[in-house]
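Take a look at the structure below.
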Amino acid sequence: MSKTPLKNGLSAVATFSIVAVDVKTGEIGVAVQSKFLAVGAVVPWVKAGAGAIATQSWANTTYGPKGLQLLEQGLQPEEVIVQLTADDTDKESRQVGVVDMLGRSATFTGKDCFDYAGGIAGPGFAAQGNILAGAGVVDGLVKGIQSEGSLPDRLLYALSLAQEAGGDKRGMQGAALYVAKQGAGYGGFNDRYIDLRVDDNPSPIEELKRLLALQRLYFGRTAPEDRLQLTGETLQEIRDLLRAHGYAAGTGADYDQATRHSLQAYFLTENFDDRWTDEPVIDRLVLEFMRKF
């Protein structure tokens, strides 16, 4: 594994990232992986209604807020990059990808970025990386983001394919997934739909997938097909599981008040607020969680 390049006492944010938008759903985001501690605190910048930016390779973190402001003013991604780099004396060491809400995109790789370094921009995405195993890493990002599925799933699939192609040739450490959507944050108070970070892990992409699954479990809504009636064997299993978890539970053939109160307490304790209902049903995913833990 190569030694981390240094410049002015700082280590390079050698990484690969994918910036993308789903113009149909209004979701926009960034996924990134790097042999760099807490890379999610540096590279991804996203704002619903404006766009998304990944700044890396001796990352100039002012590119994030400045770039989003320029996108809000109506500049196209290519114009944003021109303005961001215009007065940056180290622009040839920078790498940046930009996407707006209309799917317009641009990527920039300075000529002094460490090999392999490069990027590809297309409708709805910008893929880029530096200190990579080869050009196939960026190709993997593109293949992943052009696959089918939700934007968060495609962003993570892009990271996986990029890593399979060799990834950051120094190894793995941190990863992040940041997706914004108007009113999709917790409680509907902001646009922070998904903001997951793996700061230090030998398999950060796999850990990020695990965290995304947990996010969907805790903050997702119950699908109609996942509503199980609390009767018969299902009701008895719930009572047994509640007791195993230290809760009291009732008896009898019907869904009684004692069982309901204990089940609600369990839901709230485990942060399944969004999946609770007063109806005599239980979410299948919560039942599976209860069985495991």
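In the numbering used here, the protein residues as written are 14 to 306.
For every residue, glycine included, the Cβ atom is placed at its ideal position computed from N, Cα and C.
Residue from the options with nearest C-alpha to residue i
i	options	result
I133	I144, C126, V109	V109
H258	G123, T282, L209	T282
R240	E301, D113, L227	E301
D142	E92, G116, A262, S47	Note that residue 142 corresponds to Gly in the displayed sequence, not to Asp. Out of E92, G116, A262, S47, S47 has the C-alpha closest to the C-alpha of G142.
P136	T122, A130, Q159	Q159
F202	A99, F49, A61	A61
F138	T290, V150, A119, Y129	A119
L145	S163, P165, G162, L172	L172
F29	D181, D287, L225	D181
F121	G87, P78, L164, A72	A72
V151	M185, D208, V45, L50	V45
P90	E105, E292, V34	V34
Whole-Å CB distance - residue i paired with residue j, under 8 Å assumed
i	j	result
V56	T75	13 Å between Cβ atoms; not a contact.
V43	A65	5 Å
V112	V32	5 Å
R167	G153	Not confirmed; about 12 Å, so no contact.
A188	I218	5 Å
G179	G147	6 Å
DSSP three-state assignment for residue i, whether helix, strand or coil
i	result
T122	strand
G137	coil
D286	helix
Y279	helix
Q249	helix
G22	Any reading at G22 must be qualified, since the residue scores a pLDDT of 48, below 50, and its modelled position is unreliable; no value is offered.
T98	helix
G187	strand
T272	helix
L29	The displayed chain sequence assigns Phe, not Leu, to residue 29. If DSSP states are grouped into helix, strand and coil, F29 belongs with the strands.
L298	helix
*Run through the stretch 144-175 for me and flag every whole alpha helix (DSSP H) of 4 or more residues, listed as ranges in chain order.*
148-158
*Counting Cβ pairs closer than 8 Å, one from the stretch 270-281 and one from the stretch 206-214, do we hit at least three?*
no
_Cβ pair count under 8 Å reaching 3, the stretch 225-232 against the stretch 252-267_ = no
*Would you say the stretch 32-51 touches the stretch 180-196, given that touching needs at least three Cβ pairs under 8 Å?*
yes
*Can you list the beta strand (DSSP E) stretches of 3 or more residues lying completely in the stretch 33-95, in chain order?*
With a minimum length of 3 residues, the continuous beta strand (DSSP E) runs that stay inside the stretch 33-95 are 40-47, 57-60, 64-69.
*Would you mind listing the beta strand (DSSP E) stretches within the stretch 189-246 that are 3+ residues and don't spill past its ends, in chain order?*
205-211, 240-242
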